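Heads up, the thing below is written out as C-alpha cells.
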Amino acid sequence: MSDGHILYGEHMSVTDHPAATDPTSSVGAQSRTVMVGDIKTHYHEAGSGAPVLLLHGSGPGVSAWANWKRTIDPIGQEYRVLAPDILGFGYTSRPEGTVYGPASWLAHVIGFLDALGIEKTHIIGNSLGARIALGVALEHPQRLDKLILMGSGALRTGTTPALAVTRNYQPTLEEMGTVLRGFAYDPSVVTDELVEERYRASVEPGAFEAYRQMFHDAAHSGSDTKLDAADLADVRAKTLIVHGYDDKIIPYEVSVRTLSAIDDAQLHIFRKCGHWAQLEFADEFNTLARRFFRRTDHESDAGKA
C-alpha cells in the first residue's frame, strides 16, 4: 500500500511519514471543571459547533492535555472540543471508595455529557478511551454520532511486554522515560519535558495509588477491558479506526480485527508510528478526523481536504 492511498474495498489506508507541523492554532483551549455527581471533573474546552469528545488513554501520568495537546485546537477550529480527565486520571478528583473499571469510567463519561447538557457527540477515543467510547456505542448509542477509535485494544488477545511495563510503573523519572519510550516509534517524541510532565502528574496526591488499584487490586477491574468481536457487531455508528503500524503497546493487527467486526468502519494505518498517532502524526491525524466528521452519508473521503 502506498503513502496515503485508500483501498476502498478493504476500507483501509496507510500513511508512511508525517508532514511538516502546522503553526499553532489560535482557538485557545480553556481549562475548566464541572461536578459530575461527587466527582470534580477537570476538562479542556475549545471551539464551537457540533461537540467532539476526546477520551484519553491509561498510561501513568496521563491526562487529557498530555494526550490531546496537539488535537484540541486544530479540531476546535471547526467543532466544540471537550477533553475531560477521566475518573482516576489527571486532575479530576478521586472520591473515596471509587471502584475503577469500564463501568465506572463509562458512567463518568455519560455523567460528564449530562452535566454539560450534551445529548449527542462525536467521540475520539485513544486506547482505554477507545474502549470507553465503544461502551458509549454499545450501551448509549443515542448519545453517539461518529466514532474514531485510535490504538484500540478491545479485541487484543494478550498483554504485550510494553503494556506490561506501563502497568508495573513505579514513580521515578527514569522509569517514566522507559514507559513513554514504549509508546512512541520515534524516541525524539519523548522529550525531557514530556517525561517531567507525566512524572509530576503521576505523583499528584492519590494518583499513583489510584493507578495501582485500577490494574493490580482485585476489587477493581481496570484490566477487564476486552470485548468479543460479536459485541462489536452491534456498533451502529460510522467508525474510523486509526492505528500505528509499529505500535508496541497494542499491535495494529488488533485494529484489523476490529475493522472486520464493525459493519460501517474504515481503517487508517500510519507507518513509522507507535501508540500515539495523535502526537506522532498530529497534522495528518487532525486532517483525517475533521474530514471524517465532515463527510455525509453520500460523500466519499476521496479528494476532501
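Quick note on my numbering: the sequence shown kicks off at 494 and runs consecutively.
Even glycine gets a Cβ: it sits at the ideal position worked out from N, Cα and C.
Note that the coordinates shown come from a computational prediction; the quantities given were computed from them, not determined experimentally.
Go through its chain and collect everything with a Cβ distance to residue i's Cβ below 7 Å, but skip five positions before and after it.
{"i": "tyrosine 678", "result": "Gly737, Asp739, Lys765, Cys766, Gly767 and Glu773"}
{"i": "glycine 628", "result": "Pro595 and Leu599"}
{"i": "isoleucine 611", "result": "Pro544"}
{"i": "alanine 782", "result": "Ile568, Ile617 and Ile641"}
{"i": "alanine 626", "result": "Leu548, Ile616, Gly618, Leu640 and Leu642"}
{"i": "serine 597", "result": "Leu580 and Thr591"}
{"i": "alanine 557", "result": "Tyr536, His537, Leu547, His549, Ala576, Pro577, Asp578 and Gly583"}
{"i": "histidine 601", "result": "Val529, Ile532, Ile579 and Leu580"}
{"i": "valine 672", "result": "Gly552, Pro553, Val658, Thr659 and Tyr662"}
{"i": "proline 654", "result": "none"}
My assumption, with CB atoms under 8 Å, is that residue i sits in contact with residue j. Please give the rounded CB distance.
{"i": "leucine 640", "j": "threonine 780", "result": "Not confirmed; about 18 Å, so no contact."}
{"i": "methionine 669", "j": "tyrosine 692", "result": "4 Å"}
{"i": "alanine 700", "j": "alanine 694", "result": "7 Å"}
{"i": "leucine 648", "j": "leucine 720", "result": "7 Å"}
{"i": "threonine 659", "j": "threonine 585", "result": "At roughly 20 Å, the Cβ-Cβ gap does not stay under 8 Å, so threonine 659 and threonine 585 are not in contact."}
{"i": "aspartate 727", "j": "leucine 631", "result": "6 Å"}
{"i": "alanine 775", "j": "valine 735", "result": "Going by Cβ atoms, the distance from alanine 775 to valine 735 rounds to 12 Å, so no, they are not a contact pair."}
{"i": "arginine 636", "j": "leucine 606", "result": "6 Å"}
List the residues that DSSP assigns as beta-bridge partners of residue i.
{"i": "arginine 525", "result": "Tyr536"}
{"i": "glycine 618", "result": "Leu548 and Leu642"}
{"i": "leucine 637", "result": "Thr614"}
{"i": "arginine 573", "result": "Pro544"}
Give every residue of the same chain whose Cβ lies closer than 6 Å to the Cβ of residue i, excluding the five residues on either side of it in the sequence, and list them in chain order.
{"i": "tryptophan 561", "result": "Leu547 and Ala576"}
{"i": "tyrosine 572", "result": "Gly540, Gly542, Ala543 and Val545"}
{"i": "aspartate 757", "result": "Lys731"}
{"i": "threonine 517", "result": "The predicted position of threonine 517 is uncertain, since its pLDDT is 36 and thus under 50; no value can be drawn from it."}
{"i": "arginine 787", "result": "none"}
{"i": "isoleucine 755", "result": "Leu725, Val728 and Thr732"}
{"i": "valine 527", "result": "Thr534 and Ala608"}
{"i": "aspartate 515", "result": "A caution first: aspartate 515 carries a pLDDT of 31, below 50, which makes its placement in the model unreliable, though a value can still be read off. Hits under 6 Å: Asp776."}
{"i": "arginine 674", "result": "Pro680 and Val683"}
{"i": "phenylalanine 763", "result": "Thr508, Gly737, Ala770 and Phe774"}
{"i": "arginine 624", "result": "Ala647 and Thr718"}
Comparing alpha-carbon positions, which option in the options lies nearest residue i?
{"i": "glutamate 689", "options": "Leu760, Ala522, Leu666 and Ala711", "result": "Leu666"}
{"i": "serine 620", "options": "Ser716, Arg729, Asp724 and Arg525", "result": "Ser716"}
{"i": "phenylalanine 582", "options": "Thr652, Tyr593, Tyr572 and Val728", "result": "Tyr593"}
{"i": "glycine 569", "options": "Ser556, Gly521 and Thr591", "result": "Gly521"}
{"i": "glycine 590", "options": "Thr614, Pro634, His713 and Gly550", "result": "His713"}
{"i": "glycine 554", "options": "Leu687, Ile755 and Ala722", "result": "Leu687"}
{"i": "arginine 525", "options": "Asp710, Val574, Arg624 and Phe785", "result": "Val574"}
{"i": "isoleucine 565", "options": "Pro588, Gln635, Arg587 and Tyr536", "result": "Tyr536"}
{"i": "glycine 646", "options": "Thr671, Ala655 and Ser748", "result": "Ser748"}
{"i": "phenylalanine 785", "options": "Arg624, Pro654 and Asp638", "result": "Asp638"}
{"i": "threonine 614", "options": "Pro744, Pro634 and Ala723", "result": "Pro634"}
{"i": "leucine 656", "options": "Pro664, Asp724, Ile755 and Ile742", "result": "Ile742"}
{"i": "arginine 587", "options": "Phe778, Asp710 and Pro698", "result": "Pro698"}
{"i": "glycine 651", "options": "Gln523, Glu777, Thr718 and Asp710", "result": "Thr718"}
Take residue i and list the residues in its own chain whose beta-carbon comes closer than 8 Å to its own, dropping the five residues that flank it on each side.
{"i": "glycine 530", "result": "Gly604"}
{"i": "arginine 750", "result": "Leu648 and Ala722"}
{"i": "alanine 711", "result": "none"}
{"i": "proline 664", "result": "Pro553, Tyr692, Ser695, Val696 and Phe701"}
Can you find a CB in chain B that lies within less than 8 Å of the CB of residue i?
{"i": "tyrosine 745", "result": "This model lacks chain B altogether, as it is built from one protein chain only."}
List in chain order: all unbroken beta strand (DSSP E) runs of 3+ residues lying wholly within the region 714–776. 732–737 and 758–763
Q | Every unbroken alpha helix (DSSP H) within the region 641–703, with a cutoff of 4 residues, ordered by chain | A | 654–660, 666–674 and 685–695
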